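Engineer: Provided herewith is a single structure, encoded as structure tokens, for subsequent inquiry.
In my numbering, the protein residues as written are 14 to 422.
And the structure:
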């Protein structure tokens, strides 16, 4: 019924942002999950008028006719402070729980204040992003190790008089100090000022470069050549009256939880029993529907729906889905039939030895060394950043210091 659609969400995400969601044309009939793009705007678009976000950037490019086959998330920063990675992530997770987005193809790009937000977000959640482009920005990060985990392209103009090019050069230098940076690309564009780099949002080459990456295959594609002809032609030959349906507020027949594709009911599907959190297979994840039910989903689509009382808790840490399943909910094994034997006189059974008291798992600590990050420690000890933060009562953006003792188990 609808082609390209812009849907406005206000006060929908706790500790998030108001945002636009661009849903690609024919979204409901697509046979595969679609890429997800997060566009972070600059300071001039901050405020509480959500329509300001469409003045320039990826959303404006779509309005002008640029075909971008992806879910585009365009949050609005209310102003007064920079982009908060955890708030951006809350918006992403809200969308991913309701739309058919591909977790292996999540991309971030932004300029100026949005360039800062891009670097801060991907450095905090590198495992969630397939590739990113930071334009004429900088970073507030103190730990640069996460930035080396994903394809990152940093671009800055030498004539920028609003955000010094040194802000981008510092990121590159700090990353290189930590070791090799095979996934990093950067360009210092001679003679270009601050606003000139907005042209990146309108060039199809920008999105082609992003879409050439996947989070499950960590390799970088060489950026396209930034020629003067390419930059000068970024805005030319466009239809300024592209037919985009704006839903503000979301239309009445709009249901955030989309119907999942390839529905195959498997009533016999049983999650593994566990008394503690247990990793699920890599190709199996759990999403929550608005009616309080959980759905087990793999790469082919919906497998099974079960009442939320069956799965008592689901967490997402570093992109891995885990589930806590009550053991008593699992079916009892059926004993094999045994042949009838002659009745023997009853014997006095020896007294059973009392079972030993369960021993609580020993706590394990790690002393922070040079180059350690929450992300690297989580991988080393087979846990998640969220779990480490919970054990040590710290936040995900906390700075860890050399010599600091962290509980890892």
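No residue lacks a Cβ here, since even glycine has one placed at the ideal position from N, Cα and C.
On a predicted model such as this, the values are computed, not experimentally measured, just so you know.
Tell me whether the beta-carbon of residue 50 lies closer than 8 angstroms to the beta-carbon of residue 120.
Structural biologist: Numbered from 1 along the chain shown, position 37 holds the residue referred to as residue 50. Numbered from 1 along the chain shown, position 107 holds the residue referred to as residue 120. Yes; because the gap between Cβ atoms is below 8 angstroms, this pair is in contact.
Engineer: Between residue 408 and residue 262, what straight-line distance do the alpha-carbon atoms span, to the nearest angstrom?
Structural biologist: Taking the first residue of the chain shown as position 1, residue 408 is located at position 395. Taking the first residue of the chain shown as position 1, residue 262 is located at position 249. Using only the alpha carbons, I get a separation of about 34 angstroms.
Engineer: Can you tell me where the beta strand (DSSP E) holding residue 18 begins and where it ends?
Structural biologist: Counted from its first residue, the chain shown places residue 18 at position 5. Start and end: 18-22.
Engineer: Determine the closest residue to residue 427 out of 54, 382 and 145, with distance taken between C-alpha atoms.
Structural biologist: The structure shown does not extend to residue 427, since the chain spans only 14 to 422, so no value can be given for it.
Engineer: Just the Cα atoms here: how many angstroms apart are residue 196 and residue 128?
Structural biologist: Indexing the chain shown from 1 puts residue 196 at position 183. Indexing the chain shown from 1 puts residue 128 at position 115. Cα to Cα, the separation comes out at about 18 angstroms.
Engineer: Quick one: Cα of residue 159 to Cα of residue 44, how far?
Structural biologist: In the chain shown, residue 159 corresponds to position 146, counting from 1. In the chain shown, residue 44 corresponds to position 31, counting from 1. The straight-line gap from Cα to Cα measures roughly 33 angstroms.
Engineer: Thinking just about the alpha-carbon of each residue, which of 101, 418, 199 and 109 is nearest to the one in residue 233?
Structural biologist: Along the chain shown, read from residue 1 onward, the residue named residue 233 stands at position 220. Measuring from the Cα of residue 233, the nearest candidate turns out to be 199.
Engineer: With a Cβ-Cβ cutoff of 8 angstroms, do residue 403 and residue 215 count as a contact?
Structural biologist: The count along the chain shown starts at 1 and reaches residue 403 at position 390. The count along the chain shown starts at 1 and reaches residue 215 at position 202. No, they are not a contact pair.
Engineer: Verify the CB distance criterion: does residue 164 have a CB-CB separation below 8 angstroms to chain D?
Structural biologist: Among the protein chains of the structure shown there is no chain D, as only one such chain exists.
Engineer: Is residue 356 buried or exposed, if buried means 16 or more other CB atoms sit within 10 Å of its CB?
Structural biologist: As a working mapping, residue 356 is identified with position 343 in the chain shown. Summary for residue 356: the model assigns pLDDT 43, below 50, so the residue's position carries little reliability; its value from the coordinates is reported in the next sentence. Exposed: under 16 other Cβ atoms inside 10 Å.
Engineer: Quick check on residue 243: buried or exposed, where buried means 16 or more other Cβ atoms within 10 Å of its Cβ?
Structural biologist: Here residue 243 refers to the residue found at position 230 of the chain shown. So residue 243 ends up on the exposed side.
Engineer: Just how far apart, CA to CA, sit residue 256 and residue 380?
Structural biologist: In the chain shown, residue 256 corresponds to position 243, counting from 1. In the chain shown, residue 380 corresponds to position 367, counting from 1. Rounded to the nearest angstrom, the two C-alpha atoms are 58 angstroms apart.
Engineer: Look at the Cβ atom of residue 173, then the Cβ atom of residue 154, and state whether they are nearer than 8 angstroms.
Structural biologist: Here the question's residue 173 lines up with position 160 in the chain shown. Here the question's residue 154 lines up with position 141 in the chain shown. No.
Engineer: Could you check which residue in 171, 204, 387 and 41 has the C-alpha nearest to that of residue 401?
Structural biologist: As a working mapping, residue 401 is identified with position 388 in the chain shown. Measuring from the Cα of residue 401, the nearest candidate turns out to be 387.
Engineer: Under the DSSP definition of a beta bridge, which residues are partnered with residue 87?
Structural biologist: Mapped onto the chain shown, residue 87 falls at position 74. 33.
Engineer: With a threshold of 16 other CB atoms inside 10 Å of the CB of residue 226, please say whether the residue is buried or exposed.
Structural biologist: Your numbering for residue 226 matches position 213 in the chain shown. So residue 226 counts as buried.
Engineer: What three-state label does DSSP hand residue 421 in the structure shown?
Structural biologist: As a first step, residue 421 is located in the chain shown; it is residue number 408 there, counting from the start. Note: residue 421 maps to coil in three-state DSSP.
Engineer: Measure the alpha-carbon distance for residue 166 versus residue 24 and round it to whole angstroms.
Structural biologist: Your numbering for residue 166 matches position 153 in the chain shown. Your numbering for residue 24 matches position 11 in the chain shown. Rounded to the nearest angstrom, the two C-alpha atoms are 32 angstroms apart.
Engineer: Classify residue 277: buried if its beta carbon has 16 or more other beta carbons within 10 angstroms, exposed otherwise.
Structural biologist: Counting from one through the chain shown, the residue named residue 277 turns up at place 264. Low confidence applies to residue 277: its pLDDT is 29, below 50, so where it sits in the model is not reliable, and the reading given next is rough at best. Counting Cβ neighbours within 10 Å, residue 277 comes out exposed, since fewer than 16 surround it.
Engineer: Around the Cβ of residue 171, are there at least 16 other Cβ atoms within 10 angstroms (buried) or fewer (exposed)?
Structural biologist: The count along the chain shown starts at 1 and reaches residue 171 at position 158. The residue in question, residue 171, is exposed, as its Cβ has fewer than 16 Cβ neighbours within 10 Å.
Engineer: Between which residues of its own chain and residue 204 is the CB-CB distance below 7 angstroms, once the five residues before and five after are set aside?
Structural biologist: Numbered from 1 along the chain shown, position 191 holds the residue referred to as residue 204. Excluding positions up to five away in sequence, the list reads 171 and 172.
Engineer: Relative to the C-alpha of residue 85, which candidate in 60, 17, 28 and 148 has its C-alpha closest?
Structural biologist: Against the chain shown, residue 85 aligns to sequence position 72. Checking every option, the nearest Cα to that of residue 85 belongs to 17.
Engineer: By how many angstroms is the C-alpha of residue 192 removed from the C-alpha of residue 238?
Structural biologist: For the purposes of this step, residue 238 is taken as the residue at position 225 of the chain shown. For the purposes of this step, residue 192 is taken as the residue at position 179 of the chain shown. Whole-angstrom Cα-Cα distance: 26 angstroms.
Engineer: Would you say the beta carbon of residue 206 is closer than 7 angstroms to some non-hydrogen atom of the ligand SAH?
Structural biologist: This structure simply doesn't include the ligand SAH, nor any ligand for that matter.
Engineer: Just tell me which of 28, 39, 30 and 83 has its CA closest to the CA of residue 47.
Structural biologist: Position 34 of the chain shown, counted from the first residue, corresponds to residue 47. Looking at the Cα atoms, 83 is the closest of the given residues.
Engineer: Where does residue 260 fall in DSSP's three states?
Structural biologist: Position 247 of the chain shown holds residue 260. Reduced to three states, the DSSP call for residue 260 is strand.
Engineer: On a CA-only basis, which of 161, 152 and 76 is nearest residue 37? Give me that one, please.
Structural biologist: Taking the first residue of the chain shown as position 1, residue 37 is located at position 24. Nearest option by C-alpha distance: 76.
Engineer: When the distance is taken between beta carbons, is residue 115 closer than 8 angstroms to residue 138?
Structural biologist: To locate residue 138, count along the chain shown from 1; it is residue 125. To locate residue 115, count along the chain shown from 1; it is residue 102. Against a cut-off of 8 angstroms, the Cβ pair of residue 115 and residue 138 comes out as no contact.
Engineer: Have a look at residue 266 and residue 150 and give me their C-alpha separation to the nearest angstrom.
Structural biologist: Here the question's residue 266 lines up with position 253 in the chain shown. Here the question's residue 150 lines up with position 137 in the chain shown. Using only the alpha carbons, I get a separation of about 40 angstroms.
Engineer: Would you tell me roughly how many angstroms separate the C-alpha atoms of residue 118 and residue 241, rounded to the nearest one?
Structural biologist: Counting from one through the chain shown, the residue named residue 118 turns up at place 105. Counting from one through the chain shown, the residue named residue 241 turns up at place 228. Each residue's Cα considered, the two are about 30 angstroms apart.
Engineer: Would you list the residues sitting across from residue 144 in a DSSP beta bridge?
Structural biologist: Mapped onto the chain shown, residue 144 falls at position 131. Bridge partners of residue 144: 120.
Engineer: Under 8 angstroms by Cβ, that's how I've got residue 29 and residue 104 pegged, so tell me the actual separation to the nearest angstrom.
Structural biologist: In the chain shown, counting from the first residue as 1, residue 29 sits at position 16. In the chain shown, counting from the first residue as 1, residue 104 sits at position 91. So it is a contact: roughly 4 angstroms between Cβ atoms.
Engineer: How is residue 128 classed by DSSP in three states: helix, strand or coil?
Structural biologist: On the chain shown, position 115 is the one that residue 128 refers to. The answer is helix: DSSP assigns residue 128 an H, G or I state.
Engineer: Here's a check: name, in chain order, each residue in its chain whose Cβ is nearer than 7 angstroms to the Cβ of residue 210, leaving out the five neighbours to either side.
Structural biologist: Here residue 210 corresponds to residue number 197 of the chain shown, with the count starting at 1. 124, 148, 149, 168 and 170, listed in sequence order.
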